[in-house]
Structure formats: structure tokens, C-alpha cells
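Notes follow once the structure below has been shown.
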Amino acid sequence: MSDIIPITPLLNAAATSADGLGCHAGKDQMLDAAAKAGKSEVLAQYAADYPKGPHDQPQSMCPAFGSLRVGLRMRRTATILSGSACCVYGLTFTSHFYGARRTVGYVPFNSETLVTGKLFEDIREAVYAQADPDKLDAIVIINLCVPTASGVPLQLLPKEINGVRVIGIDVPGFGVPTHAEAKDVLAGAMLHYARQEAMAGPVAAPRQGRSAKPTISLLGEMFPADPMIIAQMIAPMDLAVGTVVPTREWRELYAALDCKAVAAIHPFYTASVREFQAAGRPVVGSAPVGIEGTHDWLGSIGAACGVSQDKIDAARNQTLGAMRGVLASQKINGRITLSGYEGSELLVARLLIECGADLRYVGSACPATPWNQHDAQWLQSKGVHVQFRASLEQDMAAVHEFKPQLAIGTTPVVQAAKELCIPSLYFTNLISARPLMGVAGAGSLIQVVNAAMGNQARFDEMKAFFGSVGQGDEAGVWENVPVMHPDFKKEVRRQFEKKQKKRKAEEMG
Ligand code: SF4
Numbered sequence: 018m019s020d021i022i023p024i025t026p027l028l029n030a031a032a033t034s035a036d037g038l039g040c041h042a043g044k045d046q047m048l049d050a051a052a053k054a055g056k057s058e059v060l061a062q063y064a065a066d067y068p069k070g071p072h073d074q075p076q077s078m079c080p081a082f083g084s085l086r087v088g089l090r091m092r093r094t095a096t097i098l099s100g101s102a103c104c105v106y107g108l109t110f111t112s113h114f115y116g117a118r119r120t121v122g123y124v125p126f127n128s129e130t131l132v133t134g135k136l137f138e139d140i141r142e143a144v145y146a147q148a149d150p151d152k153l154d155a156i157v158i159i160n161l162c163v164p165t166a167s168g169v170p171l172q173l174l175p176k177e178i179n180g181v182r183v184i185g186i187d188v189p190g191f192g193v194p195t196h197a198e199a200k201d202v203l204a205g206a207m208l209h210y211a212r213q214e215a216m217a218g219p220v221a222a223p224r225q226g227r228s229a230k231p232t233i234s235l236l237g238e239m240f241p242a243d244p245m246i247i248a249q250m251i252a253p254m255d256l257a258v259g260t261v262v263p264t265r266e267w268r269e270l271y272a273a274l275d276c277k278a279v280a281a282i283h284p285f286y287t288a289s290v291r292e293f294q295a296a297g298r299p300v301v302g303s304a305p306v307g308i309e310g311t312h313d314w315l316g317s318i319g320a321a322c323g324v325s326q327d328k329i330d331a332a333r334n335q336t337l338g339a340m341r342g343v344l345a346s347q348k349i350n351g352r353i354t355l356s357g358y359e360g361s362e363l364l365v366a367r368l369l370i371e372c373g374a375d376l377r378y379v380g381s382a383c384p385a386t387p388w389n390q391h392d393a394q395w396l397q398s399k400g401v402h403v404q405f406r407a408s409l410e411q412d413m414a415a416v417h418e419f420k421p422q423l424a425i426g427t428t429p430v431v432q433a434a435k436e437l438c439i440p441s442l443y444f445t446n447l448i449s450a451r452p453l454m455g456v457a458g459a460g461s462l463i464q465v466v467n468a469a470m471g472n473q474a475r476f477d478e479m480k481a482f483f484g485s486v487g488q489g490d491e492a493g494v495w496e497n498v499p500v501m502h503p504d505f506k507k508e509v510r511r512q513f514e515k516k517q518k519k520r521k522a523e524e525m526g
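In terms of my numbering, the sequence shown opens at residue 18 and continues consecutively.
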């Protein structure tokens with residue numbers, strides 16, 4: 018029998034100077050290379066901002082997508098990637114899949130330009146070529162894994178060219194655990210820049226002018242109706258909703274900083290929170306979801322802004338009455354597990370419980386922070402297992418353990434649940450992309466969840482019809498009835514184990 022295809026580790030530290038390595042390569046070597054290349058400080062800051070857990074390597078999309086998306090969604094902003102061509106291909110594809118409608122800039126490199134430092138010169142040249150103040154407010158350059166590990170010094174780029182701001186950030190998969198947190202890397206860097214500008218002198222007012230009322234800045238990408246719903250909720254406290262961060266335009270950054278308080282609706286914006294706190298703005302965690310969540314959140318926002326108790330009560334009365342009406346007339350009946358990597362998982366979990374769901378598990382790829390602590394405690398008090406930095410394995414174990422009537426999760430969780438004949442919903446596209454706040458949030462979630470759970474009969478019918486056709490070794494298109502070869506499998510496994518042992522012995526020897 019011929020040899021099986023040899024699989025050997027790709028990476029050594031020296032090899033980080035070559036193209037073609039990636040998130041499949043060794044994280045430790047990449048970190049080591051980056052530290053030696055002068056990136057220790059930025060990596061130490063990431064390690065403090067985005068503490069890791071079992072899930073410390075990308076198990077979802079490339080983290081840099083978060084920063085890229087924030088840049089691409091801003092008006093008058095050019096976003097340029099510096100990284101391996103395969104990474105840039107994937108990131109560009111994903112951006113356009115999500116409707117970027119913007120050009121993704123790319124400065125390519127090869128081993129020679131990387132090693133000789135010519136790549137940095139190429140980046141510099143690209144930035145100068147792009148810096149047209151008639152078209153742009155800012156240019157964002159994102160170092161992906163290999164240029165970060167190789168120490169491409171974006172911090173040496175000019176801070177501004179012809180009035181166009183230049184923001185260089187390192188967003189390696191071995192330093193930033195999720196694409197959610199990568200949004201914070203760029204949002205935080207922009208807020209930092211804008212705060213320095215605001216301290217240095219007058220800055221542009223928001224397009225629509227400054228709000229007459231004190232404003233609350235909202236941290237986190239949310240469904241477009243949610244800020245409007247929150248605005249209605251806080252109106253009785255004489256507060257207005259200000260800017261949503263990440264912003265859609267540079268001048269909105271100043272308005273965001275010019276708030277009375279910040280609502281960290283998504284809890285993982287650690288670098289952004291640091292900027293708001295440096296600007297003296299109080300930060301409030303959680304969000305107005307469900308009755309108890311809304312009651313508590315309105316109280317916290319009111320307290321942070323020094324609002325009188327009667328106005329807080331007026332705001333609560335206005336919203337909570339309507340919400341009680343919705344929750345009394347509609348319910349979710351069923352056992353659910355929930356997992357995702359958007360950072361809003363705990364909020365959805367709270368709302369599910371208040372809508373009547375028997376929720377057993379919530380897993381988030383994001384970390385525990387002061388801003389989701391209250392939600393985690395509330396969920397734990399209801400008997401829910403809360404898993405921060407959840408891995409796919411933990412999410413799957415929860416599905417097997419609790420045998421839910423609905424599994425809400427990431428793509429692989431949904432796929433596995435469907436194979437198990439369990440109705441399931443993809444968190445990112447079907448749950449986090451709909452309103453969550455206030456009455457509208459409750460009504461909308463109940464509708465989509467009940468509709469999905471109502472599909473069980475269809476799953477059973479399909480299962481009965483297809484049986485075990487197409488599973489495991491028999492998956493795919495066959496022209497004849499597949500013939501199993503247990504001896505072949507046994508031999509392959511034996512050879513594989515032999516090679517493993519040999520490799521281990523060589524490593525030790
Ligand atoms: S930039 Fe993203 S896709 Fe490329 S190696 Fe790093 S984590 Fe993987």
C-alpha cells in the first residue's frame with residue numbers, strides 16, 4: 018500500500034517572513050515572530066483588551082473582517098489591506114457578500130518585499146497616492162497576520178497627509194480573537210484619533226447639528242430600528258440617542274465623544290470604552306431587552322445622567338406597560354440552546370427567557386467584560402449555563418446534552434443540528450439582524466422563533482423519507498451503491514498512527 022499524504026507542521030519562526038502562512042499555522046510561532054519584530058506593545062494591549070479562553074484561534078471568519086467592515090461602512094474612508102493574497106481574497110469576498118459596495122484596497126507583497134522592507138515603502142506610496150482630501154477624510158491600513166508577525170511598522174506612517182487622516186492598525190488572527198473585537202480595534206483607534214483632534218481645537222459639528230438634549234452614544238452595530246426605539250424609550254428622561262459607534266462618518270466620532278453617557282449595548286468594545294472614559298463619559302452595560310432588562314437599563318442610564326427618579330419612572334411606565342401586553346399575549350414554548358460570535362448573545366438570551374423560552378445554554382465567542390456581567394448574572398440566576406469564549410465543541414456539546422427543540426447558533430452548529438433533525442436558526446443573519454430592543458424586539462423574536470420551532474414536523478418528514486442516505490462515508494453523489502472498505506480504513510489508520518508515533522519520537526529525540 019502506498020504512503021498516506023504526509024501532513025507536517027508548516028511553520029517555524031523564520032518562515033513568517035514568507036507568504037502563504039495563515040490561521041492554520043502555529044499561533045505561538047507567529048506571536049513569537051511578531052514580538053521579535055517589535056509588536057510586543059500592541060500585542061500586550063490586545064491580550065489585555067481581549068482576554069482569551071479556550072477559543073483563542075479563529076473558529077469563525079478571519080477576525081480582520083471586523084475592522085475591514087467598519088472601515089468599508091464609513092463615508093469618505095478608504096480601507097487598504099496588507100497581507101497574504103489568500104487572506105485578502107477571502108476578506109474581499111466576504112465584504113462583497115455582505116454588500117460592501119466599496120473597493121477594498123490591497124498592497125501585495127512577496128518574500129522579497131517583506132524581508133527587505135520594501136512592503137512598507139509600497140504601503141507608504143499607496144497611502145500617498147490615495148490621500149485626496151476632496152474624496153477622503155481618512156485612510157485605514159490593516160496589517161493582517163504575516164505583515165504583523167513580520168513587524169511591518171504602520172506606526173511610522175504619517176498621521177495625516179494633505180488633511181487626510183491615516184490610521185494604521187495590526188489585526189492579526191493570533192492577537193485578536195474574534196471579528197467582533199476587531200471592530201473595536203478600528204473603532205477604538207478612530208475614537209483615539211478624534212479625541213486628540215477635539216482636545217487640540219474646534220472640530221466639525223455633526224451633519225444634522227448638535228442635539229438640543231444630552232445624548233447617549235450607543236456602542237455596537239445594531240438593527241437600524243433599534244436606536245430609534247431606544248430614542249423613544251429615553252425621551253421621557255429628556256435624553257436623546259446620539260451616535261452609534263462604529264460610526265458611518267468621521268465627524269460622527271466627535272459627536273459620539275460629545276455625549277452625556279455611553280451605552281455599551283455590545284459589551285466587547287474595550288478600546289472604545291477606554292476612549293470614552295478618557296473623555297470623562299460614564300459607560301453603562303446591558304441593553305433595554307425584555308421587561309426586567311429594560312427596567313434595569315433605564316434606571317442605569319438615568320442614574321448615569323443624573324436624571325430624577327420621577328422621570329426614570331415615567332420612562333419605565335411608558336415602555337414596560339406595552340411590553341407586558343406583548344408578552345402576555347404571545348409566548349415562546351420550547352427548549353432552546355443559543356450560541357454566536359456577534360457579542361449580543363446574552364441580550365438575545367435574556368429576551369428569549371422573558372418571552373417564555375426554556376433556554377438552557379448560551380455560548381458567546383466574546384469574553385466576559387464589565388458590560389455583560391449583569392446579563393451573565395441574571396441568566397445564571399435563571400439556571401442558564403453561560404459560556405464565554407465558547408468553542409464550537411462546547412456549543413455542540415450543549416446541543417447534544419440539552420436536545421433542544423430549537424438550536425440557534427453559528428453555521429456549523431446549525432448544520433449539525435439539522436443533521437440531528439433539530440430545527441435551527443443561524444444567529445448572525447436571522448437573529449442579530451432584527452430588532453431586539455423594546456416592544457418591537459420582543460414581538461419580532463417571538464415570531465421568528467415560534468415559526469422555526471413549528472418546522473419540526475417537516476424535519477421529521479424529511480428524516481423519514483431520506484433515512485440515513487447520504488450520511489458519513491456515503492455522503493456525496495454516487496453512481497452505484499457505495500461499497501465500504503473497512504480493511505482499507507483500518508490500514509490507513511494504522512499507518513497514520515505509526516507516522517504520528519515516529520514524529521513524536523523524533524520531536525523528543
Ligand atoms: S489574516 Fe485572517 S485569514 Fe489570514 S492568516 Fe490571519 S486570521 Fe487567517
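For every residue, glycine included, the Cβ atom is placed at its ideal position computed from N, Cα and C. Since we're looking at a predicted model, the values are computed, not measured.
Member of Val403, Asn472, Ser381 whose CA lies at the smallest distance from the CA of Thr445: Counting from 1 along the sequence shown, the entry for residue 445 is found at position 428. Scanning Val403, Asn472, Ser381 for the CA closest to the CA of Thr445 turns up Ser381.
Cβ-based neighbour list, Asp36, same chain, cut-off 8 Å, excluding 5 preceding and 5 following: Locating residue 36 in the sequence shown gives position 19, where the first residue counts as 1. Residue placement at Asp36 is flagged as unreliable, the pLDDT there being 45, under the threshold of 50; the coordinate-derived value follows with that caveat. Hits under 8 Å: Ser101, Ala102, Phe126, Asn127, Ser128, Leu131, Val163.
Nearest-angstrom Cβ-Cβ length linking Ile97 and Ile184, presumed shorter than 8 Å: Numbered from 1 along the sequence shown, position 80 holds the residue referred to as residue 97. Numbered from 1 along the sequence shown, position 167 holds the residue referred to as residue 184. Incorrect: roughly 10 Å between the Cβ atoms, too far for contact.
Within the stretch 423–467, ranges of the alpha helix (DSSP H) (whole runs, at least 4 residues): If we require 4 residues or more, the alpha helix (DSSP H) runs fully inside the stretch 423–467 come out as 428–436.
Three CB pairs or more closer than 8 Å across the stretch 169–176 and the stretch 133–145: Proximity of the stretch 169–176 to the stretch 133–145 meets the contact definition, three or more beta-carbon pairs being nearer than 8 Å.
Simplified DSSP state of Tyr123, which is helix, strand or coil: Counting from one through the sequence shown, the residue named residue 123 turns up at place 106. Tyr123: strand per DSSP, three-state reduction.
At least three beta-carbon pairs within less than 8 Å, the stretch 221–228 to the stretch 187–200: In the pairwise beta carbon analysis, the stretch 221–228 is classified as not touching the stretch 187–200: fewer than three pairs are separated by under 8 Å.
Near the ligand SF4: Leu203 beta-carbon under 6 Å from a heavy atom: Translated into the one-based positions of the sequence shown, residue 203 becomes position 186. Flag unset: Cβ of Leu203 not near the ligand SF4.
Where Lys277 falls, given that 16 or more other Cβ within 10 Å makes a residue buried: Position 260 of the sequence shown, counted from the start, is the residue given in the question as residue 277. Classification for Lys277: buried.
Proximal residues to Gly316 (C-beta, below 7 Å), its chain only, five neighbours per side dropped: Locating residue 316 in the sequence shown gives position 299, counting from the first residue. The residues are Ile329.
Proximity below 7 Å, CB of Ser112 to CB of Leu203: One-based indexing of the sequence shown puts residue 112 at position 95. One-based indexing of the sequence shown puts residue 203 at position 186. No.
Three-pair Cβ contact test at 8 Å for the stretch 42–53 versus the stretch 384–396: With contact defined as three or more Cβ pairs closer than 8 Å, the stretch 42–53 and the stretch 384–396 are not in contact.
Sub-7 Å separation of Leu437 and Leu364 beta-carbons: Reading the sequence shown from its first residue, position 420 is the one you call residue 437. Reading the sequence shown from its first residue, position 347 is the one you call residue 364. Cβ atoms of Leu437 and Leu364: not closer than 7 Å.
Residues near Ile178 in its chain [Cβ-Cβ closer than 7 Å; skip 5 each side]: What you label residue 178 is simply residue 161 of the sequence shown in a count that begins at 1. In chain order, Val144, Tyr145, Ala148 place their CB closer than 7 Å to the CB of Ile178, counting only its own chain and leaving out the 5 sequence neighbours on each side.
Under 7 Å between C-beta atoms of Gln397 and Val403: For the purposes of this step, residue 397 is taken as residue 380 along the sequence shown, with counting starting at 1. For the purposes of this step, residue 403 is taken as residue 386 along the sequence shown, with counting starting at 1. Going by beta carbons, Gln397 and Val403 fall inside the 7 Å limit.
Closer than 6 Å: Cys104 CB and nearest the ligand SF4 heavy atom: Along the sequence shown, one-based indexing puts residue 104 at 87. When distances are taken from the beta-carbon of Cys104 to the heavy atoms of the ligand SF4, the shortest one is below 6 Å.
Collapsed DSSP secondary structure at Ile246 in the structure displayed: By 1-based counting over the sequence shown, the position of residue 246 is 229. DSSP, read as helix, strand or coil, puts Ile246 in helix.
For Asp275, the three-state DSSP class (helix, strand or coil): Within the sequence shown, numbered from 1, the residue matching residue 275 stands at position 258. It is coil, neither helix nor strand.
Contact check, Leu409 vs Met470, beta carbons under 7 Å: As a position in the sequence shown, residue 409 is number 392, starting the count at 1. As a position in the sequence shown, residue 470 is number 453, starting the count at 1. With contacts defined by Cβ atoms closer than 7 Å, Leu409 and Met470 do not form a contacting pair.
Alpha carbon of Glu514 to alpha carbon of Lys521, nearest angstrom: As a first step, residue 514 is located in the sequence shown; it is residue number 497 there, counting from the start. As a first step, residue 521 is located in the sequence shown; it is residue number 504 there, counting from the start. Straight through space, the alpha carbons of Lys521 and Glu514 are spaced by roughly 11 Å.
Any non-hydrogen atom of the ligand SF4 within 6 Å of Leu85 CB: What you label residue 85 is simply residue 68 of the sequence shown in a count that begins at 1. Leu85 has its CB no nearer than 6 Å to any heavy atom of the ligand SF4.
Ser57 classed as buried or exposed, judged by whether at least 16 other C-beta atoms fall within 10 angstroms: In the sequence shown, residue 57 corresponds to position 40, counting from 1. By the Cβ neighbour-count rule, Ser57 is exposed, with fewer than 16 other Cβ atoms within 10 Å of its own.
Length of the line joining the Cα atoms of Ala32 and Asp187: Residue numbering aside, residue 32 sits at position 15 when the sequence shown is read from its first letter. Residue numbering aside, residue 187 sits at position 170 when the sequence shown is read from its first letter. Here the model assigns Ala32 a pLDDT of 39, short of 50, so the residue's position is not dependable and the matter cannot be decided.
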